[in-house]
Every structure is written in C-alpha cells, then in structure tokens.
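Numbering (this note's numbering), first residue to last: 107 to 235.
Heads up, the thing below is written out as structure tokens.
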Amino acid sequence: MKKIAVAVGVVTNRQGQILLALRHEHLHQGGKWEFPGGKIEQGEQTFDALSRELNEEVNINVEQASPLIKLEYDYGDKLVVLDVWQVSEFSGVAQGMEQQQIKWVDKVDLANYQFPDANQPIVDLLIKE
Numbered sequence: 107m108k109k110i111a112v113a114v115g116v117v118t119n120r121q122g123q124i125l126l127a128l129r130h131e132h133l134h135q136g137g138k139w140e141f142p143g144g145k146i147e148q149g150e151q152t153f154d155a156l157s158r159e160l161n162e163e164v165n166i167n168v169e170q171a172s173p174l175i176k177l178e179y180d181y182g183d184k185l186v187v188l189d190v191w192q193v194s195e196f197s198g199v200a201q202g203m204e205q206q207q208i209k210w211v212d213k214v215d216l217a218n219y220q221f222p223d224a225n226q227p228i229v230d231l232l233i234k235e
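In structure tokens form, the structure reads like this:
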C-alpha cells in the first residue's frame with residue numbers, strides 16, 4: 107500500500123477564521139473542503155514542506171507555525187500520514203493559485219462543510235477548542 111506523508115496547515119487569520127480550500131473534482135476526495143497543504147518530499151522537513159505547499163497552493167508565506175496533531179488514515183488504496191500544523195502568523199493574501207476555491211470560515215461553522223475522512227479528527231479537535 108502506498109504511504110503518503112502530507113504537511114497540513116490550519117491557517118488562522120486575525121479574525122480567528124480558518125482557511126479552507128475546495129479539492130478539484132478530478133482529485134482523490136474531490137469536491138470536498140480541506141485544510142491546505144501537500145506532500146512532503148523525500149528528505150524535506152515538515153515545516154519546509156508546509157511553507158512550500160502553502161506558498162504554491164494559496165499564495166501565503168508561513169511566518170510562524172507549531173505542530174497541532176499527527177494522524178494516519180487508511181483509504182484502502184493508500185495510507186495518508188497527516189502532520190498538521192497550526193499556522194498562527196503568515197504574510198501575503200490568500201488566493202487559490204491552482205484555480206481552486208478558497209474560503210475563510212469561522213471555527214463554529216466547520217461542521218457545515220464536507221471534508222475528506224482523514225480530515226475529520228482535525229475538524230473535531232478545532233471545534234472543541
């Protein structure tokens with residue numbers, strides 16, 4: 107089974123809203139909302155992967171981030187290992203660099219969005235905070 111290591115950012119703005127991105131329909135778990143991030147390359151540190159992916163995907167530069175939760179999820183055809191970081195400071199204006207829809211969402215509204223199954227523990231954790 108393919109194991110994929112992913113750096114995930116829970117990006118929070120000054121109003122306390124969290125950044126979500128809509129996965130393109132053609133992708134695995136397409137049409138669902140996610141916390142932005144992407145694959146950690148061989149030999150790459152998690153923070154570096156997070157910074158690179160958030161810059162490539164949503165045009166922001168990570169200034170400060172700390173580990174939030176690490177989890178594994180088995181989709182049957184692949185095992186994803188999510189290394190989730192809380193991004194508390196960033197520069198730049200978030201925009202979907204891959205033509206994906208993005209949205210700033212209040213924490214209390216997270217339950218109203220459909221996420222990939224692997225993201226559900228993150229949502230649960232954030233709602234309880």
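Where is the CB? At the ideal position from N, CA and C, for every residue including glycine.
With H, G and I counted as helix, E and B as strand and the rest as coil, what does DSSP make of residue i?
i	result
N161	helix
V214	helix
Q201	coil
N225	helix
K234	helix
D183	coil
F196	strand
Measure from the alpha carbon of residue i to the alpha carbon of each residue in the options, then state which is nearest.
i	options	result
F221	I146, L128, K138 and K108	K138
W191	K176, V199 and D230	K176
G149	E169, D180, A111 and K184	A111
G136	G143, L128 and I166	L128
A200	N161, E140 and E147	N161
W210	T118, Q226 and K234	T118
P173	D183, V193, N218 and I166	V193
N167	F141, S197, E178 and K184	S197
D180	N165, H130, N225 and Y219	N225
M107	V229, D223 and K184	K184
K109	R120, G122, G182 and Q121	G182
Which residues in the same chain have their Cβ closer than 8 Å to the Cβ of residue i, if we skip the five residues on either side of it in sequence?
i	result
L232	V116, I124, K213 and L216
I84	Any question about residue 84 goes unanswered here, given that the chain covers just 107 to 235.
E235	K213
P227	I175 and L177
N165	G198, V199, A200, Q201 and M203
G122	D212 and K213
F141	V114, G115, V116, V117, I124, L125, L126, A127, V190, N225 and I228
Compute the beta-carbon to beta-carbon distance between residue i and residue j, rounded to the nearest angstrom, for a pair I have assumed lies under 8 Å.
i	j	result
G143	V187	Rounded, the Cβ-Cβ distance is 12 Å, inconsistent with contact.
Q170	E131	Actually they are not in contact, since the Cβ atoms of Q170 and E131 sit about 34 Å apart, beyond 8 Å.
Can you list, in chain order, the residues of its chain whose CB lies under 6 Å from that of residue i, leaving out five sequence neighbours each side?
i	result
L126	W139, K209 and V211
Checklist entry - Taking contact to mean at least 3 C-beta pairs separated by less than 8 Å, is the segment 201-209 in contact with the segment 147-157? => result no
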